[in-house]
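K.L.:
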Amino acid sequence: MSIMVNYCRLKRFLFFNKRIRLLPILFLFTVISACHSTHEKIVPRLGIPASQELIQQWNTDVFSNGEGLPAGQGTAIAGETIYQKYCLSCHGLDGTGDSADELAGAEHSLTDNPPDKIMGQYWPYATTLFDFTRRAMPLNSPGILSNNELYAVTAYLLYLNGIIKQDSIMNAENFDWQKSEFQQGVELRHLGTFQERYTSIVQWRIQAGASFEVSVSPVRRLFFVYSGEGRVNGEMVHRHSAANINPAEAVVVEAVSELTVLSIGLPATNRSAS
Amino acid sequence: MTKHSDLKKVAGGGLLDRRTFVKKGLVFSVAVFNAESLNATTESSRSTWMEMPGESFSNYGQPSEHEREVIRWTMENSMAAGNGVSWTPLHKMEGTITPNGLHFERHHNGVPQIDPKKHQLLIHGAVNHSLVFDMDALLRYPMTSRLTFIECGGNSNAGWRDKPIQTVAGYFHGMASCSEWTGIPLSLLLNEAQLKGRAKWIIAEGADASMMNISLPLEKAMDDCLLAIYQNGERIRPENGYPLRLIVPGWEGVVNIKWLRRLHLTNRPSMTRNETAKYTELLPSGKARQFSFVMEAKSIITHPSYGQKLDGSGVYQISGLAWSGRGKIIKVEVSADGGDTWAEAELQEPVLSKCFTRFRMPWSWEGQAAILKSRAIDETGYIQPERQTLITERGKHGYFHYNAIVSWGVSEQGEMAHVYHG
Numbered sequence: 005m006s007i008m009v010n011y012c013r014l015k016r017f018l019f020f021n022k023r024i025r026l027l028p029i030l031f032l033f034t035v036i037s038a039c040h041s042t043h044e045k046i047v048p049r050l051g052i053p054a055s056q057e058l059i060q061q062w063n064t065d066v067f068s069n070g071e072g073l074p075a076g077q078g079t080a081i082a083g084e085t086i087y088q089k090y091c092l093s094c095h096g097l098d099g100t101g102d103s104a105d106e107l108a109g110a111e112h113s114l115t116d117n118p119p120d121k122i123m124g125q126y127w128p129y130a131t132t133l134f135d136f137t138r139r140a141m142p143l144n145s146p147g148i149l150s151n152n153e154l155y156a157v158t159a160y161l162l163y164l165n166g167i168i169k170q171d172s173i174m175n176a177e178n179f180d181w182q183k184s185e186f187q188q189g190v191e192l193r194h195l196g197t198f199q200e201r202y203t204s205i206v207q208w209r210i211q212a213g214a215s216f217e218v219s220v221s222p223v224r225r226l227f228f229v230y231s232g233e234g235r236v237n238g239e240m241v242h243r244h245s246a247a248n249i250n251p252a253e254a255v256v257v258e259a260v261s262e263l264t265v266l267s268i269g270l271p272a273t274n275r276s277a278s
Numbered sequence: 012m013t014k015h016s017d018l019k020k021v022a023g024g025g026l027l028d029r030r031t032f033v034k035k036g037l038v039f040s041v042a043v044f045n046a047e048s049l050n051a052t053t054e055s056s057r058s059t060w061m062e063m064p065g066e067s068f069s070n071y072g073q074p075s076e077h078e079r080e081v082i083r084w085t086m087e088n089s090m091a092a093g094n095g096v097s098w099t100p101l102h103k104m105e106g107t108i109t110p111n112g113l114h115f116e117r118h119h120n121g122v123p124q125i126d127p128k129k130h131q132l133l134i135h136g137a138v139n140h141s142l143v144f145d146m147d148a149l150l151r152y153p154m155t156s157r158l159t160f161i162e163c164g165g166n167s168n169a170g171w172r173d174k175p176i177q178t179v180a181g182y183f184h185g186m187a188s189c190s191e192w193t194g195i196p197l198s199l200l201l202n203e204a205q206l207k208g209r210a211k212w213i214i215a216e217g218a219d220a221s222m223m224n225i226s227l228p229l230e231k232a233m234d235d236c237l238l239a240i241y242q243n244g245e246r247i248r249p250e251n252g253y254p255l256r257l258i259v260p261g262w263e264g265v266v267n268i269k270w271l272r273r274l275h276l277t278n279r280p281s282m283t284r285n286e287t288a289k290y291t292e293l294l295p296s297g298k299a300r301q302f303s304f305v306m307e308a309k310s311i312i313t314h315p316s317y318g319q320k321l322d323g324s325g326v327y328q329i330s331g332l333a334w335s336g337r338g339k340i341i342k343v344e345v346s347a348d349g350g351d352t353w354a355e356a357e358l359q360e361p362v363l364s365k366c367f368t369r370f371r372m373p374w375s376w377e378g379q380a381a382i383l384k385s386r387a388i389d390e391t392g393y394i395q396p397e398r399q400t401l402i403t404e405r406g407k408h409g410y411f412h413y414n415a416i417v418s419w420g421v422s423e424q425g426e427m428a429h430v431y432h433g
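So the protein lines, in turn, are chains A and B. Position in the first sequence (from 1) plus 4 gives the number in the numbering used here. Position in the second sequence (from 1) plus 11 gives the number in the numbering used here.
#1: For residue 148 of chain A, count neighbouring Cβ atoms within 10 angstroms of its own Cβ and tell me buried if that reaches 16, exposed if not.
#2: Name the two residues that bound the continuous beta strand (DSSP E) containing residue 275 of chain B.
#3: Does the beta-carbon distance from residue 374 of chain B to residue 425 of chain B come in below 9 Å?
#4: If you check the beta carbons only, do residue 243 of chain B and residue 256 of chain B fall under 9 Å apart?
#5: Could you check whether residue 414 of chain B and residue 309 of chain B sit closer than 9 Å to each other, using their CB atoms as the reference points?
#6: Using a Cβ-Cβ cut-off of less than 9 Å, list which residues of the segment 90-112 of chain A approach chain B; keep chain order.
#7: Using 8 Å as the Cβ pair cut-off and three pairs as the minimum, do the segment 140-148 of chain B and the segment 289-301 of chain B touch?
#8: Can you confirm whether residue 214 of chain B, when its beta carbon is compared against all beta carbons of chain A, has any partner nearer than 9 Å?
#9: Pull the bridge partners of residue 92 of chain A from the DSSP assignment, please.
#10: For residue 126 of chain A, go through chain B and note every residue whose CB falls closer than 9 Å to its CB, in chain order.
#11: Using beta-carbon positions only, say whether residue 380 of chain B and residue 421 of chain B come within less than 9 Å of one another.
#12: Can you tell me whether DSSP reads residue 415 of chain B as helix, strand or coil?
#13: May I ask you to verify whether the segment 272-286 of chain B touches the segment 209-220 of chain B, counting CB pairs closer than 8 Å and requiring at least 3?
#14: Let me check understanding here. Comparing Cα to Cα, which of B/162, B/199 and B/191 lies closest to residue 151 of chain B?
#15: Spatial neighbours of residue 173 of chain A within its chain, please: C-beta separation below 6 Å, excluding the five flanking residues on both sides.
#16: Since residue 151 of chain A sits in a beta bridge, which residues does DSSP pair it with?
#17: What residue from B/223, B/258, B/407 and B/388 has the CA that sits closest to residue 8 of chain B's CA?
#18: For residue 390 of chain B, which residues of its own chain have a beta-carbon under 6 Å away from its beta-carbon, when the five flanking residues on both sides are left out?
#19: Determine the burial state of residue 368 of chain B: buried for a count of at least 16 other Cβ atoms within 10 Å of its Cβ, exposed for fewer.
#20: Quick check on residue 176 of chain A - is its C-beta less than 9 Å from some C-beta in chain B?
#21: Between B/139, B/319, B/335 and B/218, which lies nearest to residue 54 of chain A when the distance is taken from Cα to Cα?
#22: Under a three-way DSSP split, which group does residue 112 of chain B fall into?
#23: Got a sec: is the Cβ-Cβ distance from residue 304 of chain B to anything in chain A below 9 Å?
#24: According to DSSP, is residue 63 of chain B helix, strand or coil?
#25: For residue 23 of chain B, which three-state DSSP category applies?
#26: Please check the pair residue 135 of chain B and residue 59 of chain A, which I expect to be a contact at CB under 8 Å, by giving their CB distance rounded to whole angstroms.
#27: The beta strand (DSSP E) spanning residue 11 of chain B covers which residue range?
#28: Quick one: using the 10 Å Cβ neighbour count with 16 as the cut-off for buried, is residue 197 of chain A buried or exposed?
#29: Apart from the five residues on each side of it in sequence, which residues of its chain come closer than 8 Å, Cβ to Cβ, to residue 168 of chain B?
#30: Expressed to the nearest angstrom, what Euclidean distance is found between the alpha-carbon atoms of residue 95 of chain B and residue 123 of chain B?
#31: Is there at least one Cβ from chain A nearer than 9 Å to residue 128 of chain B's Cβ?
#32: Spell out the partners DSSP gives residue 241 of chain B in its beta bridges.
#33: Could you give the DSSP three-state label for residue 212 of chain B: helix, strand or coil?
#34: Give me the chain A residues within the contact set of residue 411 of chain B, using Cβ-Cβ distance strictly less than 7 Å, ordered along the chain.
#35: When DSSP labels each residue in this structure, what does residue 129 of chain B get in the three-state scheme?
#36: Below 8 Å on the Cβ atoms is my guess for residue 157 of chain B versus residue 237 of chain B; work out the distance and round it to an integer in Å.
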């Protein structure tokens, strides 16, 4: 009898107390969630333990506190030779830019119009410069530079930006220039205007509505300037340097160095899309 | 056939109730063929291609030869053919899915031709178990699919220029594409490796010649990132990361590392070139926005747009794309009077989070000069800004993350131009 009473009281309690009435639902939900998360955990677990050798070989990450920098060292003096051999053809004399980004020799500060986002002004860490060069440069043979050469060419670029001296040694202990000097800007050399720097300007007038393909010889020193009214259809310029496009619309193409127009019309690479 | 004068206007410049077509079955007067050619008589009741057997089967289908102009346009560095971009021709496409051969590309040093049998993924750093996976192993893991856009952080950057660039929509905004990506939730493999407490960032690296690397906050990696193996049902194309790509839904393209080979768990970012010198936005103060990962809400009218021409007055369908890296698009508004009045466009279902959303709006054009605009609003309440608003906030030299309202000017002759307005 007492059990019966207790059961009735419990039933009334459960019936009238909404929170308690939710319990079975909550329980069900918990079971479903548990099943769900259990289901998610069913993975084949096929990862194979990685050897320390593999990790060391693959892990080339460098951090701004110098972690990850390898043994070796270099100076800007040694770096200049390396720059001339591997970098000059794209990044130009003294890092002033060509078919690839300008790296040094800013004419404008970051608050000017336009700003020059060169290493001395816009790359916050010297370690970034080392890491990127080691990963990606030179484009036609990445990975070719030794650690000593990487330190040397990094030092040379920092020297070009007025951040370190020509005989400063860069290595895994001596790299942390950004805190004291990187953000302070450097004395800028005036490099002259586009016309002053490059004299062999070639013009080619292209009718509005046409697109075109060009080749340039010699291949380095390629700049295009658009001017005039109207525009080239789709503004497609094949094999130009994206970094050196002048934004204005145009029909006159000016190119530094010798220019050969291969075709007027849809560029060949895009025509053969079948 | 409904008379144009009977149509219900919902905003200035001739914008019509978005349900007009459904209700009244209105026919567009945008004539690709003229009535004469449609009514031309022929000697036979059969067209030429109805008089002989058609072509045989093909192992891999190709578009019609009449669609040869629907291609990516490419732009490479003059000294390095593999360093450049190609654009998705948004102005020649409809719907929301990008065919794999038209997905935009941004490569820093070419497309590696990877042998999947020799490809491995290494997970190491702040984990209890450093692990290596080969592709055969990864293919056995539970997968999931998600429709999501990828947009280059540098997409639409011509918008910062002082003069409006006159080019077709795809070569202005086409560094954005949308696919169904299928792969393994990244969290599954990170859980298998067992994260240590100090793991806060994850450095991802590709197996291309530039060894692309970026740093991602761990929260995002555990939230909705995928290790994608398939794109729109087939294995990912080489130019989009074959055999393994990190998909980071809603975040700038550069962090969606292609040819993924390594994930390094750390307590801080690496400060790589592509998160310091590039893919950061210089502000008027001389300081820069860094780790500005999310692609904010954007929309663009693709039809009609620059390069297309309105063929006489009549009813046209305005069509375009909207997307947001923060979630679902909840509304797209269209204006045909330069932003004086706006009307809500119809959104094509299903509207998915961080995915291209197609919007459409009927418009009665009566030969007047007009300015067409669209603005997207996402589920966080973010409203796509006017260009001047964006520039006031960020200046003109940020280069990346341009998402302002795009204005297309329509002349009385029906010609389209890109204009700055507001």
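Where a beta carbon is used, it is the ideal one built from N, C-alpha and C, also for glycine. Keep in mind it's a predicted model, so treat the numbers as computed, not measured.
P.N.:
Reading off the structure:
#1: By the Cβ neighbour-count rule, residue 148 of chain A is exposed, with fewer than 16 other Cβ atoms within 10 Å of its own.
#2: Segment 271-277, the beta strand (DSSP E) holding residue 275 of chain B.
#3: It is not a contact, given that the beta carbons lie outside the stated cut-off.
#4: No; because the gap between Cβ atoms is not below 9 Å, this pair is not in contact.
#5: Taking a C-beta distance under 9 Å as the contact criterion, residue 309 of chain B and residue 414 of chain B qualify as a contact pair.
#6: Of all residues in the segment 90-112 of chain A, only 93, 94, 102, 103, 104 and 105 come within less than 9 Å of chain B when Cβ atoms are compared, listed by chain position.
#7: Not touching, per the Cβ criterion.
#8: With its beta carbon less than 9 Å from one in chain A, residue 214 of chain B belongs to the interface.
#9: In the DSSP output, where bridge partners are listed per residue, residue 92 of chain A has none listed.
#10: By Cβ distance, chain B contributes 287, 288, 291, 293 and 299.
#11: Contact: yes.
#12: Assignment of residue 415 of chain B by DSSP, reduced to helix, strand and coil, places it in the coil class.
#13: Yes: at least three Cβ pairs fall under 8 Å.
#14: When the alpha-carbon of residue 151 of chain B is set against those of B/162, B/199 and B/191, the nearest one is in B/199.
#15: In chain order, 77 and 79 place their CB closer than 6 Å to the CB of residue 173 of chain A, counting only its own chain and leaving out the 5 sequence neighbours on each side.
#16: BP columns for residue 151 of chain A are empty, so no partner.
#17: Absent from the model: residue 8 of chain B. The displayed extent of chain B is 12 to 433, so no value can be given.
#18: Excluding residues within five positions, the ones whose Cβ falls inside 6 Å are 338, 339 and 341.
#19: Flag for residue 368 of chain B reads buried.
#20: Judged by the 9 Å Cβ criterion, residue 176 of chain A is not in contact with chain B.
#21: Ranking the options by Cα distance to residue 54 of chain A, first place goes to B/139.
#22: Residue 112 of chain B: helix per DSSP, three-state reduction.
#23: By this cut-off, residue 304 of chain B is not an interface position.
#24: Shown here, residue 63 of chain B sits in coil according to DSSP, grouped into three states, outside any helix or strand.
#25: In the structure shown, residue 23 of chain B sits in a helix (DSSP, three-state: H, G or I).
#26: Going by Cβ atoms, the distance from residue 135 of chain B to residue 59 of chain A rounds to 5 Å, so yes, they are a contact pair.
#27: Here chain B has residues from 12 to 433 only, and residue 11 of chain B is not among them.
#28: Reliability fails at residue 197 of chain A, whose pLDDT of 29 lies under 50, so the model's placement of it is uncertain and the value that follows must be treated cautiously. Classification for residue 197 of chain A: exposed.
#29: If we look at residue 168 of chain B and ignore the five residues flanking it on each side, its Cβ neighbours are 410, 411 and 413.
#30: One C-alpha to the other measures close to 14 Å.
#31: Not one chain A Cβ lies under 9 Å of residue 128 of chain B.
#32: Its beta-bridge partners are B/193 and B/246.
#33: Strand.
#34: Chain A residues near residue 411 of chain B: none, gap ~12 Å exceeds 7 Å.
#35: Note: residue 129 of chain B maps to helix in three-state DSSP.
#36: Indeed, because the Cβ distance is near 7 Å, the residues count as touching under 8 Å.
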